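Enquirer:
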Amino acid sequence: MLSTPTLNLLSPTSLTTETLTETFLKKASPQLVSEWEPRRACWLFWNDDWSVEARQEFVSFCRAVSSFDESLGVSRGEKLEILVSSPSALFDAESALQSLNARFHLVPYGAVHLRDHAPVFVRHPDQSMATLNLTDLDRGGPTELPHDDSTPAWIVGAVGGSLASQPKTILPSQIETDGQGTALLPLSHLIAAQTSLAAWMKGVGAPLGIVHTIVLDDSEMPDWRKGRLDRLARFAGPGVLLISTELSQVSPHASQIFRQSIDFALDARGRSLQVIEIPHPRAEVRSSYLEFYISNSAVIVPQFEDSQDQRALARLSRWFPDRRTVGVNAV
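To get this note's numbering, take the position in the sequence shown, counting from 1, and add 1102.
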């Protein structure tokens, strides 16, 4: 039985004038939701400019997220919430994803990297959810595109509720949580923001339920990796940290500095971290197997037509035994 795609014409919700701290400390002990926790939906952009091959891989990713059952023709996983920017893009997206449990939203957008531009969700002790805009609304620069700063408001307009925002805080891709009060934070972010860890914890960490932060020294990392936690380190669960093996081979000095920041680190509950090395593709690949996505039923891992692809999949599968490990071409 095929699911029927639906279209939603989004209206942006209004940003509140309260800061994150004012809004989210009104309720005790909020907690930033970790990626491995169950969710109802996955939000994605459909890019009008993709090649045929890229669209095919996007569809493969969506099928993995939705846990599409080929034999029954039904989706058993997360609902797909797809942003499209034009009627023609809507037609293409509906045609490509017609068999999946998808809802489409016609909105203007700029960048397609939702790890940086979507809002994040925080759970309160009463299990109510709040929506935060962590994106630096005033960041400017050549990477900023029209409508980037309105993306969180469009999404919250669809799910309902209010959106609190505090400019000049952090991009979601620059923070990683274990769901138990521990966060990873790149040193380069503190340097760029010209702030101290204490000030960051008070202004950003506390509203997210973060009580302990492990600062990763990425100061000697190449620019394509600096500040990107999904290319530096990821939690596989509380107390388990995944890093790339490539660092010690390509840049021993950067690797030494980076490892010093994690080898003796403790989490919020006083546990030492179990550090697991994940293979890295060939040196010219400016990406990482750590850029995986944890869905309700699968861990979806980028593949680079590299000799390490299968080894990385096998290694990651050991740390997510309750999920399938699925490779999707990223070249």
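Beta carbons are placed, not taken as given, at the ideal position from N, Cα and C, and that holds for glycine.
Here the structure is a predicted model, which is why all the values come from computation and not from measurement.
So, does the stretch 1361-1371 touch the stretch 1321-1332, judging by three or more C-beta pairs under 8 angstroms?
Expert: no
Enquirer: Taking DSSP as the reference, what is the three-state secondary structure of Ser1252?
Expert: helix
Enquirer: Three-state secondary structure (DSSP) at Lys1128?
Expert: Here the model assigns Lys1128 a pLDDT of 47, short of 50, so the residue's position is not dependable and the matter cannot be decided.
Enquirer: Within a Cβ cutoff of 6 angstroms, which residues of the same chain sit near Val1428, ignoring the five residues on either side of it in sequence?
Expert: Exclusion of the five residues before and after Val1428 leaves Ala1166, Ala1400, Ile1402 as the residues of its chain whose Cβ lies within less than 6 angstroms of its Cβ.
Enquirer: If you reduce the DSSP assignment to three classes, tell me which class Ser1419 lands in.
Expert: Correct three-state label for Ser1419: helix.
Enquirer: Could you check the C-alpha separation between Asn1431 and Ser1188 for me, to the nearest Å?
Expert: Near 26 angstroms, if we compare the C-alpha coordinates of Ser1188 and Asn1431.
Enquirer: Please state the DSSP three-state secondary structure of Phe1406.
Expert: coil
Enquirer: What alpha helix (DSSP H) runs, 4 residues minimum, are completely inside the stretch 1270-1299?
Expert: 1289-1295
Enquirer: How many whole angstroms separate the CB atoms of Arg1095 and Lys1181, which I take to be in contact at a CB cut-off of 8 angstroms?
Expert: There is no way to answer for residue 1095, as the model of the chain reaches only from 1103 to 1433.
Enquirer: According to the Cβ coordinates, are Ile1359 and Asp1319 closer than 8 angstroms?
Expert: yes
Enquirer: Please report the distance separating the alpha-carbon of Ser1136 from that of Thr1279.
Expert: 6 angstroms
Enquirer: Restricting to runs no shorter than 4 residues, where is the alpha helix (DSSP H) found entirely within the stretch 1131-1174?
Expert: Listed in chain order, they are 1154-1168.
Enquirer: Taking one C-beta from the stretch 1226-1237 and one from the stretch 1188-1200 each time, how about it: are there three or more such pairs within less than 8 angstroms?
Expert: no
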